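Colleague: Please find one structure pasted underneath; my questions will follow.
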Amino acid sequence: MEKALFIVFAVVAVAAALNILFQRNPLYSALSLVGTLMALSAIYITLRAQFIAAIQIIVYAGAIMVLFVFVIMLLNAPKEGPHIDKQKGLRYLAIPFAGLLLAEAFYVIRSVDLAEMPATDSSSRAVGTTWSVGTSLFTDYLLPFEVTSVLILMAVVGAMVLARREGD
Amino acid sequence: MEPSGTVNYLPILIVFVVASTLAAIIILIPQLLARSRPTTTKLMPYECGVEPVGTARERQSVKFYLVAMVFLLFDIEAVFLLPWAVVFPQVLKDPAYSSLKYVFYGEMMVFMAVLLVGLVYVLRKGILEWNR
Amino acid sequence: MTTDILLEWIIKIAVVIGILLTAVAYLVLIERRILGFIQLRVGPNRVGPFGLLQPAADGLKFMFKEDIIPLTANKFLYVLAPTLILVPALMTFIVIPYGDSITIFGRTIPLHVTRFDVGLLYLLALASIGVYGLALAGWSSNNKYSLIGGLRASAQMISYELALGLSIVGVLIQAGSLDLVKIVEAQGGWYGLKWHVFYFQPLGYLVFFIAALAETNRIPFDLPEAEAELVAGYHVEYSSMKFAMFFMAEYANMITSASLGTTLFWGGWMGPGVERWPALSLVYFIVKVAIFLFIFIWIRSTMPRFRYDQLMRFGWKVLLPLALLNIVITATLVLITS
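Residue numbers (the numbering used here), protein chains in the order written: chain A, 30 to 197; chain B, 96 to 227; chain C, 70 to 407.
Here you go:
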């Protein structure tokens, strides 16, 4: 049952991800990305990380992608037409690098020890639930948490500075 | 008996299918029932009855981008606030965490103070004044 | 997972969606009648006794109207946008607790479709998705006024979504759970004085109510869709059933906001006598939601609408700091009384 659900959502995620690449219209690509994120969120739920699933939708699909969609609409980004490739040599470099990446991923997946995975822990304090995220954020990971607040402040100031022109 | 755990999320899928089917039916019914007599005037963009001037795909104001950006950053703050708020009363009651009570409270107040500085900056800079 | 649980879910979903769609249709009629009475006239009362068949007449009218899709519109997005608004609006109703558990034919049935431990986050997530429908509706119509209206509506919605999310944090600090059923149960006892609106959260409810008015595009915050403003904004190019879907979604969102406000702040289905007769809990819930819907309609008939810059200024300069203040006050109070 879980396996069937995983396969369904995984197929949806991969299909939406491929759709991002193959669409000419940038708005369709952005919406396909939203679809991928929703499918990933469903997979998180099957892994009992409900909090992460909800936050994925609220922040990533609901705030970051809204920003992307706003930018595409504001800038009136046109459809991509065929264009002349000025640096043909890079194509020959891309294939070996992609192969290297794939080999790395394969190696990492093979070396994972399945016996240690906590994903079947169904207590209410398992990794990925609200309790676990809440406590570890304020005990083990306190410094990254406070640094995040400063980081967000920097992002706010940076966005304001970049978006306003002089004398505006 | 009520099920518990991950299987409780299945109704989300069921209601999504039901609602999407309903929406599709609602959209398809007028295609079948309504007449379709397209004329040039009906198909043009509506601008209070005058001829449409210019294209709709011009650049819009950058203020919408700034609003979305500031929303994103404060949404992330809200996302940090949510697990803290849920865990805070449980930590206050749990004897294993009794030494951490004030630390928990103080950490979040520091976080919110830093972001309050950001909010004050945004508001003082006049980004959200729409009539300038 | 057994088939009778699956059957229970499907029956509950069918009942909830059925009742919801009927409620949305009759809410339109009730609103028109109430607006009429407040404006010293009678609302629609010709079609059927007391106008009760008016929603059926409206529905039939929408179905038979010509479905015009502008020539230069982006057809796929044009059709997708109303569904992106309607489907999340309908999906919110499966986590709201309508009442206590009742026992029919020896089977205990809890009066909510499903219950999971991040119920409140699910509702916030659906609200976040609802923004796409507005923006895409404005963009895909290929009409300048539509685009500006759609962008304005989306910007308004995301600004007030922040205040909405933060006003709920106060309730979470007191209840200690994201599960809506647990939040309602935490408000039991003490003859109603433990409802969150009295028990430390009056400011939270005020912020929530105003943010809910703005989220559902109701007066005084309905500038992006008002007929006299910007040529009706983002749905100017829509006709027939797709136009009806925008309004169905708006009224469904109204009912969701009223239900959520009741659940979080006004004790949900709690009331005198629910321990002995659990079926009374459903009655209490419906009465409370009806009172808040009436207040929504009452505000519509009384207040003028805000200008867009007033609206945005209010959301960021007043409502957001108030929500943050509420969080600080609540956390301090909970810390002191522990």
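A virtual CB, placed ideally from N, CA and C, is assigned to each residue, including glycine.
For clarity, every value in this text was computed on a predicted model and none was experimentally measured.
1) If we count the other Cβ atoms within 10 Å of its Cβ and call it buried at 16 or more, is G213 of chain B buried or exposed?
2) From A321 of chain C to F315 of chain C, what distance separates their C-alpha atoms?
3) Alpha carbon to alpha carbon, how far is V165 of chain B from I288 of chain C? Give it in angstroms, no decimals.
4) Which first and last residues belong to the beta strand (DSSP E) in which D169 of chain C is found?
5) For L349 of chain C, I'd like the list of residues in its chain whose CB is within less than 6 Å of its CB, leaving aside the five on either flank, ordered along the chain.
6) Please list, in chain order, the chain C residues whose beta carbon lies closer than 9 Å to that of F80 of chain A.
7) Below 7 Å on C-beta distance, what does A83 of chain A contact in chain C?
8) Am I right that V182 of chain C and V85 of chain C are in contact with their C-beta atoms under 8 Å? What's the rounded C-beta distance?
9) Take F185 of chain C as the anchor and find which of A:L172, A:A78, A:A92 has the nearest alpha-carbon.
10) Please state if the CB of T65 of chain A and the CB of L34 of chain A are separated by a distance shorter than 8 Å.
11) Tell me the DSSP secondary structure of I222 of chain B in three-state form.
12) Counting only beta-carbon separations shorter than 8 Å, does M139 of chain B have a partner in chain A?
13) Rounded to whole angstroms, how far is the Cβ of S332 of chain C from the Cβ of V403 of chain C, which I believe are closer than 8 Å?
14) For T183 of chain C, which of helix, strand or coil comes out of DSSP?
15) If we define contact as Cβ-Cβ less than 8 Å, is T159 of chain A a contact residue for chain B?
16) Could you confirm whether any beta carbon from chain C is found closer than 8 Å to the beta carbon of E202 of chain B?
17) Just to confirm, is the Cβ distance from F69 of chain C to V240 of chain C under 8 Å?
18) Quick check on T406 of chain C: does DSSP put it in helix, strand or coil?
19) When the cut-off is 8 Å and only beta carbons count, does D170 of chain B lie next to chain C?
20) With a cut-off of 8 Å, do at least 3 Cβ pairs link the region 226-244 of chain C to the region 162-179 of chain C?
21) For the structure I just gave you, are there three or more beta carbon pairs, one from the region 86-106 of chain C and one from the region 121-132 of chain C, closer than 8 Å?
22) Determine the closest residue to G245 of chain C out of B:R154, B:K158, B:A180, with distance taken between C-alpha atoms.
23) Start and end of the alpha helix (DSSP H) containing N48 of chain A?
24) Give the secondary structure of I368 of chain C by DSSP, where H, G and I count as helix, E and B as strand, and everything else as coil.
25) What residues match up with R176 of chain C in a beta bridge as DSSP calls it?
26) Looking at L203 of chain C: is its Cβ nearer than 8 Å to the Cβ of L89 of chain C?
27) What in chain B is Cβ-close to A152 of chain C, meaning under 8 Å?
28) Run down chain C in chain order and give the residues with a C-beta less than 9 Å from the C-beta of P125 of chain B.
29) Taking only the alpha-carbon atoms, compute the straight-line gap between F111 of chain B and V156 of chain C and give it to the nearest angstrom.
30) If you draw a straight line from the alpha carbon of P184 of chain B to that of L233 of chain C, how long is it in whole angstroms?
31) To the nearest angstrom, how far is it from the Cα of A400 of chain C to the Cα of A39 of chain A?
32) Given a cut-off of 8 Å on the beta-carbon distance, is the pair T161 of chain C and L192 of chain C in contact?
33) In whole angstroms, what is the alpha-carbon distance linking V157 of chain B and M183 of chain A?
34) What are the start and end residues of each continuous alpha helix (DSSP H) run of 4 or more residues lying completely inside the region 137-206 of chain B, in chain order?
35) For a quick check, are the C-beta atoms of F290 of chain C and A283 of chain C less than 8 Å apart?
36) Starting from the C-beta of I107 of chain B, find all residues in its chain whose C-beta is less than 6 Å away, skip the five residues before and the five after it, and write them out in chain order.
Modeller: Quick look at the numbers:
1) Classification for G213 of chain B: buried.
2) 10 Å
3) 25 Å
4) Looking at the DSSP string, the run of the beta strand (DSSP E) that includes D169 of chain C is 168-173.
5) G342, V343
6) D186, V187, L190, L247
7) V187, L190, Y191, A194
8) 6 Å
9) A:A78
10) no
11) coil
12) no
13) It is Thr, not Ser, that sits at residue 332 of chain C in the sequence shown. That belief does not hold up - the Cβ atoms of T332 of chain C and V403 of chain C are roughly 20 Å apart, past 8 Å.
14) coil
15) True, the Cβ-Cβ gap to chain B drops below 8 Å.
16) no
17) The structure shown has nothing for residue 69 of chain C, since chain C only spans 70 to 407.
18) coil
19) yes
20) With the cut-off at 8 Å, the region 226-244 of chain C and the region 162-179 of chain C do not touch.
21) yes
22) B:A180
23) 31-51
24) helix
25) C:I173
26) no
27) Contrary to the premise, residue 152 of chain C reads as Thr rather than Ala in this sequence. Taking the beta carbon of T152 of chain C as reference, the chain B residues within 8 Å of it are S115, A118, A119, I122, listed in sequence order.
28) F131, M132, F133, K134, E135, D136, S308, S309, M310, K311
29) 7 Å
30) 21 Å
31) Straight across, the Cα-Cα distance linking A400 of chain C with A39 of chain A is about 41 Å.
32) Yes, the Cβ-Cβ distance between T161 of chain C and L192 of chain C is below 8 Å.
33) 20 Å
34) 158-188
35) yes
36) none
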